[in-house]
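Q: Numbering of the sequence shown is given in the UniProt record's numbering, commencing with residue 312 and proceeding in unit increments. Backbone N, C-alpha and C define an ideal beta-carbon position, used for all residues, glycine too.
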Amino acid sequence: ARPTIIKGDAKDKVTFKDVAGLSEAKVEVVEFVEFLKNPEKFKNLGAKIPKGALLCGPPGTGKTLLAKAMSGEANVPFFSMSGSDFIEMFVGVGASRVRDLFSQARMNAPCIVFIDEIDAVGRARGKGGFSGGNDERENTLNQLLVEMDGFNPLTGIVVLAGTNRADILDPALLRPGRFDRQITIDKPDIKGRCEIYHVHLKPLKLADDIDEVAKRMAALTPGFAGADIANVCNEAALIAARSNKEKVTIADFEAAVERVVGGIEKKSKILT
Ligand code: ATP
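Pasting the structure below:
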């Protein structure tokens, strides 16, 4: 398991315009972007930026996307790894992966480090889940805490973590100087869904007016997260292609919703 790295000057980089809705979350992260663009300014003023922020919300709501967009806006590299990738059967591997990730980050600062599914490593200690105690996970978590404490806030590293279970995280992670900011990312309301449809409809060749399609589909898909909406749009285009149409029609979108809902139902059965 190696971290995903996106270079600061990547051509297809993600920016805030790719992230629909989430206006409150965007406001909260702007400060980090400003800091990454110009750490010196903050240094000269004696202002200390928080080292990390937790992005909390249900799956597929755009946490990873927002973190990537922050790096795109600031033009800095993005290093990401999933919490579950740290943990292996072999003792010491998780901690050494955490060390490697941060040593790369230090060499490339200013930059963003994103840890998806932080709950996989960051569950409260002593509540060992189904395996009883889990030393390997605890070692990994301890290493993460050591790394977070180890860099100066002015180094220019912003550590973000995504989770949908902020409630089970070890309080040590949430202490000042670690992930002391929490940014909530909820599922979109109808207006948010409409905006997300706009982003994902834009590359498609539509039979109808984009505003109408977006409005209609937003009304038809309550409870959908951004990832589900991206899926609907792509499925609709695939369905249209299969019947050799030149444009994607409302009927294709409706058929796509059926499919995506089927997928969501299957997923939730596995989870419960
Ligand atoms: P997970 O908790 O499962 O890791 P996540 O919250 O990190 O999910 P992302 O990986 O950011 O979700 O979202 C998956 C995809 O869904 C994005 O790549 C994007 O295509 C789409 N998407 C999600 N939210 C939005 C949004 N607000 N605007 C536009 N697209 C979105």
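(1) Taking Lys374 as the reference, give the member of Arg553, Val325, Pro388 with the closest Cα.
(2) Contact criterion: CB-CB distance below 9 angstroms. Does Pro533 meet it with respect to chain C?
(3) In whole angstroms, give me the CA-to-CA distance for Pro533 and Asp500.
(4) Which class does Gly443 belong to by DSSP, given the choice of helix, strand or coil?
(5) Check Gly394 in the structure and name its three-state DSSP category.
(6) For Val524, count neighbouring C-beta atoms within 10 Å of its own C-beta (all shown protein chains included) and say buried if the count is 16 or more, exposed if not.
(7) Taking all protein chains shown into account, do 16 or more other C-beta atoms lie within 10 angstroms of the C-beta of Val543, making it buried, or fewer, making it exposed?
(8) Pro388 and Lys318: beta carbons closer than 9 angstroms?
(9) Can you name, in chain order, every residue of its own chain whose Cβ lies under 7 angstroms from the Cβ of His511, other than the five neighbours on each side?
(10) By the three-class DSSP mapping on this structure, what secondary structure does Gly574 have?
(11) Helix, strand or coil: how does DSSP classify Gly373 here?
(12) Tell me whether Ser463 is buried or exposed, calling it buried when 16 or more other Cβ atoms sit within 10 Å of its Cβ.
(13) Assign Val470 to one of three DSSP states: helix, strand, or coil.
(14) Quick check: is any heavy atom of the ligand GDP less than 8 angstroms from the C-beta of Val432?
(15) Which residues in the same chain have their Cβ closer than 7 angstroms to the Cβ of Asp481, if we skip the five residues on either side of it in sequence?
(16) Measuring from the CB of Asn419, is there a heavy atom of the ligand ATP at a distance below 8 angstroms?
(17) Is Ala541 near the ligand ATP, with its Cβ less than 8 angstroms from a heavy atom?
(18) What do you get for Arg408, buried or exposed, if any count of 16 or more other CB atoms within 10 angstroms of its CB means buried?
(19) Since Leu365 is in the beta strand (DSSP E), which residue starts that stretch and which ends it?
(20) How far does the alpha helix (DSSP H) with Phe346 in it reach, from first residue to last?
(21) Short of 6 angstroms in beta carbon distance, which residues of its chain neighbour Thr560, apart from the five on each side in sequence? Order them along the chain.
(22) Under 8 angstroms: does the beta carbon of Val387 sit that close to some heavy atom of the ligand ATP?
(23) Would Gly488 pass as a contact of Met459 if the rule is Cβ separation under 9 angstroms?
(24) On the three-state DSSP scale, how would you describe Leu531?
(25) For the putative contact between Leu465 and Phe353, defined by C-beta atoms under 8 angstroms, what is the C-beta separation to the nearest angstrom?
(26) Please report the straight-line C-alpha distance between Ala567 and Ala536, rounded to a whole angstrom.
(27) To the nearest angstrom, how far is it from the Cα of Glu339 to the Cα of Cys367?
A: Checking against the coordinates, here is how it stands:
(1) Ranking Arg553, Val325, Pro388 by Cα distance to Lys374 puts Val325 first.
(2) This model lacks chain C altogether; it includes just one protein chain.
(3) Cα-Cα distance, rounded: 8 angstroms.
(4) With a pLDDT of 47 at Gly443, under the threshold of 50, the modelled position of this residue cannot be trusted; read the value that follows with caution. It is coil, neither helix nor strand.
(5) DSSP places Gly394 within a helical segment (H, G or I) once states are collapsed to three.
(6) Counting of Cβ neighbours within 10 angstroms places Val524 among the buried residues, the total reaching 16 or more.
(7) With 16 or more neighbouring CB atoms inside 10 Å of its own CB, Val543 falls in the buried class.
(8) Closer than 9 angstroms, so yes.
(9) The beta carbon of His511 is closer than 7 angstroms to those of Ile540, Ala541, Cys544 in its chain, skipping five residues each way along the sequence.
(10) The answer is helix: DSSP assigns Gly574 an H, G or I state.
(11) Reduced to three states, the DSSP call for Gly373 is coil.
(12) The question names Ser, but residue 463 in the sequence shown is Asn. By the 16-neighbour rule on beta-carbons within 10 angstroms, Asn463 is exposed.
(13) The DSSP-derived three-state label of Val470 is strand.
(14) Absent from the structure shown: the ligand GDP. Ligands present: the ligand ATP.
(15) Hits under 7 angstroms: Gly433, Arg434, Ala435, Arg436, Leu452.
(16) Checking the Cβ of Asn419 against the ligand ATP gives no.
(17) Of the heavy atoms belonging to the ligand ATP, at least one sits nearer than 8 angstroms to the Cβ of Ala541.
(18) Buried.
(19) Secondary structure note for Leu365: its beta strand (DSSP E) is the uninterrupted segment 363 to 367.
(20) Taken as a continuous stretch (DSSP letters only), the alpha helix (DSSP H) holding Phe346 covers 334 to 348.
(21) Same-chain partners within the cutoff: Ala518.
(22) With a cutoff of 8 angstroms, Val387 does not count as near the ligand ATP, since its C-beta is closer than that to no heavy atom of the ligand.
(23) For the pair Gly488 and Met459, the CB atoms are nearer than the 9 angstroms cut-off.
(24) Note: Leu531 maps to helix in three-state DSSP.
(25) With 8 angstroms as the limit, Leu465 and Phe353 qualify as a contact, their Cβ atoms being about 7 angstroms apart.
(26) Rounded to the nearest whole angstrom, the CA to CA distance from Ala567 to Ala536 is 15 angstroms.
(27) For the pair Glu339 and Cys367, the Cα-to-Cα distance works out to about 13 angstroms.
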